[in-house]
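Peer 1:
Number of protein chains: 2
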Amino acid sequence: MDKRRFNANKEEAEQKVERVTDKTPAPARRPLTLRDVSEASGVSEMTVSRVLRNRGDVSEATREKVLEAAKRLGYVPNKIAGALASQRVNLVAVIIPSLSNMVFPEVMTGISEVLDETPLQPVVGVTNYKPGREEKVLYEMLSWRPSGVIIAGLEHSDASKAMLKAAGIPVVEIMDTDGEAIDAVVGISHRRAGRKMAKAILKAGYRRIGFLGTKMPLDHRARKRFEGFTEALAKEGVEIADQEFYEGGSALAKGREMTETMLTRTPDIDFLYYSNDMIGAGGLLYCLDKGIDVPNQVGLAGFNGVELLDGLPRQLATMDACRSEIGRAAAQIIATRAEAPEGEGGKERIELTPKIETGDTLKRR
Amino acid sequence: MDKRRFNANKEEAEQKVERVTDKTPAPARRPLTLRDVSEASGVSEMTVSRVLRNRGDVSEATREKVLEAAKRLGYVPNKIAGALASQRVNLVAVIIPSLSNMVFPEVMTGISEVLDETPLQPVVGVTNYKPGREEKVLYEMLSWRPSGVIIAGLEHSDASKAMLKAAGIPVVEIMDTDGEAIDAVVGISHRRAGRKMAKAILKAGYRRIGFLGTKMPLDHRARKRFEGFTEALAKEGVEIADQEFYEGGSALAKGREMTETMLTRTPDIDFLYYSNDMIGAGGLLYCLDKGIDVPNQVGLAGFNGVELLDGLPRQLATMDACRSEIGRAAAQIIATRAEAPEGEGGKERIELTPKIETGDTLKRR
DNA sequence: TCGGTGTCTGTTAGCGCAAACATACAGAAA
DNA sequence: TTTCTGTATGTTTGCGCTAACAGACACCGA
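Note that the protein sequences, when read in sequence, are chains A and B.
Just add 43 to wherever you are in the first sequence, counting from 1, and you've got the working numbering.
Just add 43 to wherever you are in the second sequence, counting from 1, and you've got the working numbering.
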């Protein structure tokens, strides 16, 4: 009333009336609670709760009465209250760096496949490869008291690690196994993957090898692949002949550009190793455009094994990162531990082995 | 004591001792609560709560004491309890059909950009284009009592619509404006987009036009584009010369296959309209492989304007679907209404206008 | 001196639900 | 008959937090 009067001092008295009548028809309904359903069906709240959760014995007659009332009212249980009362929150926090590069959506698919069979539900948080954001996202997630955390990578800020340890819930670090885990790990060794590819390239007879990738201060997995790669080359007395890094933009286009740059700058290059398939595909398209003989004049390889590659004019050599398997295995660990008697199991470590797919861009011998 | 005694009657007395000592070293810590912080800092729970939420007046000295204690203990507030007590849940449910096709991640980016400036947080649910799953995901989401819902498309089951209406929270349907909205809408008219492309193609002089797309009983937006497309052609007395649909698999590869199929079956085709850029790109690669003169012998066009296209040998003609703008606008509506005095605003309707990007695969005149 | 006016801190109650513990009652067993 | 089952329902309590209100205290001017 008081506020209204205030406004009325101005010029819009009539208009206001309009607006008010305009609002009145709105339902303005207080959100439904168990009590509403209980009253509508003539049983206690507890019985309604039992029916809706399918727990405990309830006679068929009551069950039907309750379900009918719930449906008629359009009641949706309040999980906030339920979770607080039962001390169980069936959420799994999934923290990943990005959704836009094809790899994490596939991990998510694997996770969902497994969790769909359980009462657990994934909730995604995206960090954009920034440790600061990771910390914030993690904090937000943990404040919902999830049943478990699946988080990409082994590198986290001290604060993040502390939170994960203190949370007292299963934590699965995924994608990477090169490093020390907080709890469980599922992934591949990127260092080993880099080495493996290096060996395959050398074995195929290439010697003037260029590397093209992301600027990777924060992409630890790409860095580890690079390290493993150069290390294995060094063991055979080979050094990277040239390298080129990019940031942002369309990966396919960047792959093209970088390839052009490198082949111009170092014309005797005979192999291009790309840190992901997208830029690899760009490079491949560039080479084909220019009439470069792939794989004889120049060989190419990428990383990830993304589905996209199937549609390219040639099959790019790559290495499957086992994305959906990783998702499935991680989800499985969380699901198992969530059911376990408490403090059960622990520190699982699953290292998957990526396989080279030779495709058409790596000479066979 | 009593229970112990019970078990002791059996044979495992000594083992039990072992097990107990085995468990004892485990932290077995009860999750931290406000009370723990309150005791550690010597103030009331309420004061701790005020400090952690930056609300109300607290002296600098107490504030520091509390923050120190909270950090030292590693306390993370329990949002479940907070939300229940305050009746405010700063979550926005975002319900989309898929994450793996480049379009929704970009919408998500737009949403996040806007929500990052607010206390709101997006939570994603994926339906895989299945109405049944949409219903389930929606129910799950609503049971967390979010502050708003952003949901793709205008077609929902009756149950879903009922839930959305009954929820009493802002609902923004995104991507599509061809149909009746529950509350607010942000999107483009796909029917109009189809018509626009048809007109452009006809104007460029093409007449034997093929359509390639997804099997679309459930992809309503693709269907609407198709309808608009054929309708505009019909107006000029042109009929679709051939059509081909796919399901699943690598879109790029499918684009290739379908293009081959169609050009073989109907060799006099002079234009291929693809329902998305990915299959369009596959078609383009196929044509270039076969030495087909693009755009003179055959013209091509896709839909979406995905970044990927930048790296192709030719620029595929396409139409930008305004994905991140849609995300931003939708999030803005939710954010504004979440702050509004209640029942404020409503039924916003934002129709964006996609622009044709002619690229290199549509003759210019 | 007395309130008055802030500033800071504490107390009480309850959000909506589920765990744990009653209670009621029918039928079976003794 | 009584007692013992078990099934079906209800009651009480509290999850961890915040809104709303209620002190306590210092400081000001009259």
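The beta-carbon is built from N, C-alpha and C at its ideal position, and this holds for glycine as well.
Comparing alpha-carbon positions, which option in A:Tyr-118, A:Thr-161 and A:Glu-156 lies nearest Asn-133 of chain A?
Peer 2: Of A:Tyr-118, A:Thr-161 and A:Glu-156, the residue nearest in Cα terms is A:Thr-161.
Peer 1: With C-beta atoms as the reference, is Thr-135 of chain A less than 8 angstroms away from Ile-376 of chain A?
Peer 2: First, the residue type needs correcting, since residue 135 of chain A is Val and not Thr in the sequence shown. Cβ distance not < 8 angstroms, so Val-135 of chain A and Ile-376 of chain A don't count as in contact.
Peer 1: How about Pro-356 of chain B: is its C-beta nearer than 8 angstroms to some C-beta of chain A?
Peer 2: By this cut-off, Pro-356 of chain B is an interface position.
Peer 1: Once the 5 residues before and after Thr-396 of chain B are set aside, which same chain residues still bring their CB inside 6 angstroms of it?
Peer 2: Result list for Thr-396 of chain B: empty, nothing under 6 angstroms.
Peer 1: May I ask you to report which of helix, strand or coil DSSP gives Pro-148 of chain A?
Peer 2: In this structure, Pro-148 of chain A counts as helix in the three-state DSSP scheme.
Peer 1: Which residues of the region 122-143 of chain B have a Cβ closer than 7 angstroms to any Cβ of chain A? Give them in chain order.
Peer 2: Listed by position, the residues of the region 122-143 of chain B near chain A (Cβ gap below 7 angstroms) are Lys-122, Ile-123, Ala-124, Ala-126, Leu-127, Val-132, Leu-142 and Ser-143.
Peer 1: If you run the structure through DSSP and keep just helix, strand and coil, what is Ala-195 of chain A?
Peer 2: If DSSP states are grouped into helix, strand and coil, Ala-195 of chain A belongs with the strands.
Peer 1: Looking at Val-119 of chain A: is its Cβ nearer than 8 angstroms to the Cβ of Val-86 of chain A?
Peer 2: For Val-119 of chain A and Val-86 of chain A, no; Cβs fall outside 8 angstroms.
Peer 1: Sort out for me which residues DSSP pairs Gln-164 of chain B with in a bridge.
Peer 2: Beta-bridge pairing links Gln-164 of chain B to B:Leu-134.
Peer 1: Please identify the residue among A:Ser-84, A:Lys-267, A:Glu-287 and A:Leu-261 whose C-alpha is closest to the C-alpha of Arg-106 of chain A.
Peer 2: Nearest C-alpha to Arg-106 of chain A: A:Ser-84.
Peer 1: Please confirm whether any heavy atom of the ligand HEM lies closer than 7 angstroms to the CB of Ser-318 of chain A.
Peer 2: Ligands in the displayed structure: none, and consequently the ligand HEM is not present.
Peer 1: Quick one: does Glu-183 of chain A have its CB under 8 angstroms from some CB of chain B?
Peer 2: True, the Cβ-Cβ gap to chain B drops below 8 angstroms.
Peer 1: Look at the alpha carbon of Val-94 of chain B and the alpha carbon of Val-101 of chain B, and state the distance between them as a whole number of angstroms.
Peer 2: So the alpha carbons of these two residues sit roughly 7 angstroms apart.
Peer 1: Residue range of the beta strand (DSSP E) that Ala-364 of chain A falls in?
Peer 2: From DSSP, Ala-364 of chain A is part of no beta strand (DSSP E); its letter is neither H nor E.
Peer 1: Cutting at 6 angstroms between CB atoms, please list the residues of its own chain near Val-192 of chain B, excluding the five before and the five after it.
Peer 2: Correct list, in chain order: Ala-136 and Val-214.
Peer 1: Relative to the C-alpha of Lys-246 of chain A, which candidate in A:Thr-76, A:Asp-79, A:Arg-78 and A:Thr-401 has its C-alpha closest?
Peer 2: Ranking A:Thr-76, A:Asp-79, A:Arg-78 and A:Thr-401 by Cα distance to Lys-246 of chain A puts A:Thr-401 first.
Peer 1: Here's a check: name, in chain order, each residue in its chain whose Cβ is nearer than 6 angstroms to the Cβ of Ala-381 of chain A, leaving out the five neighbours to either side.
Peer 2: So the qualifying residues of the chain are Ser-190.
Peer 1: For Pro-338 of chain B and Gly-271 of chain B, I'd like the C-alpha separation in whole angstroms.
Peer 2: So the two alpha carbons sit approximately 23 angstroms from each other.
Peer 1: Going straight from the alpha carbon of Thr-220 of chain B to that of Glu-303 of chain B, what length do you get?
Peer 2: Using only the alpha carbons, I get a separation of about 34 angstroms.
Peer 1: Could you tell me which whole alpha helix (DSSP H) segments of length 4 or greater appear in the region 299-365 of chain A?
Peer 2: The region 299-365 of chain A contains these whole alpha helix (DSSP H) runs: 320-332.
Peer 1: I'd like to know whether the C-beta of Ser-318 of chain B is nearer than 8 angstroms to at least one C-beta of chain A.
Peer 2: Chain A contact via Cβ: absent.
Peer 1: Arg-299 of chain A touches chain B at which residues, Cβ-Cβ below 8 angstroms?
Peer 2: What Arg-299 of chain A touches in chain B: Gly-354.
Peer 1: Is there a Cβ from chain B that is less than 8 angstroms from the Cβ of Val-341 of chain A?
Peer 2: Not an interface residue.
Peer 1: Between A:Ala-224, A:Gly-334, A:Gly-291 and A:Asp-311, which has its C-alpha nearest Arg-250 of chain A's C-alpha?
Peer 2: For Arg-250 of chain A, the nearest C-alpha among the options comes from A:Asp-311.
Peer 1: What does DSSP give as the partner residue(s) for Val-94 of chain B in the beta ladder?
Peer 2: None; Val-94 of chain B has no bridge partner.
Peer 1: In chain B, which residues lie with their C-beta within 7 angstroms of the C-beta of Glu-325 of chain A?
Peer 2: Before going on, a small fix: residue 325 of chain A reads as Gly here, not Glu. What Gly-325 of chain A touches in chain B: Gly-354.
Peer 1: Closest to Ala-383 of chain A by C-alpha separation, out of A:Leu-77, A:Ile-212, A:Met-206 and A:Phe-147, would be which residue?
Peer 2: Nearest of A:Leu-77, A:Ile-212, A:Met-206 and A:Phe-147 to Ala-383 of chain A, Cα basis: A:Ile-212.
Peer 1: Helix, strand or coil for Thr-404 of chain B? Go by DSSP, reduced to three states.
Peer 2: In the structure shown, Thr-404 of chain B sits in coil (DSSP, three-state: anything other than H, G, I, E or B).
Peer 1: Taking Cβ positions, are Met-305 of chain A and Glu-279 of chain A nearer each other than 8 angstroms?
Peer 2: No, the pair does not count as a contact, with Cβ atoms beyond the cut-off.
Peer 1: Quick check: Val-157 of chain A and Asn-347 of chain A, are their CB atoms within less than 8 angstroms of each other?
Peer 2: No. Outside cutoff.
Peer 1: Exposed or buried, Phe-314 of chain A, counting other C-beta atoms within 10 Å across all chains shown (16 or more means buried)?
Peer 2: Buried, since its Cβ has 16 or more Cβ neighbours within 10 Å.
Peer 1: Taking only beta-carbon atoms, is Ser-186 of chain B less than 8 angstroms away from chain A?
Peer 2: So, interface residue.
Peer 1: At the 8 angstroms Cβ level, is Gly-211 of chain A part of the contact set with chain B, yes or no?
Peer 2: Yes, because at least one Cβ of chain B sits closer than 8 angstroms to the Cβ of Gly-211 of chain A.
Peer 1: Let's test the definition: count the other Cβ atoms within 10 Å of the Cβ of Asp-262 of chain B and tell me whether it reaches 16, buried, or not, exposed.
Peer 2: Asp-262 of chain B comes out buried.
Peer 1: Would you check if the distance between the CB atom of Leu-127 of chain B and the CB atom of Val-80 of chain B is smaller than 8 angstroms?
Peer 2: No, the Cβ-Cβ distance between Leu-127 of chain B and Val-80 of chain B is not below 8 angstroms.
Peer 1: Give me the Cβ distance between Ser-293 of chain B and Gly-354 of chain A, rounded to the nearest whole Å; I'm assuming they're in contact under 8 angstroms.
Peer 2: The Cβ separation is near 5 angstroms, so the contact holds.
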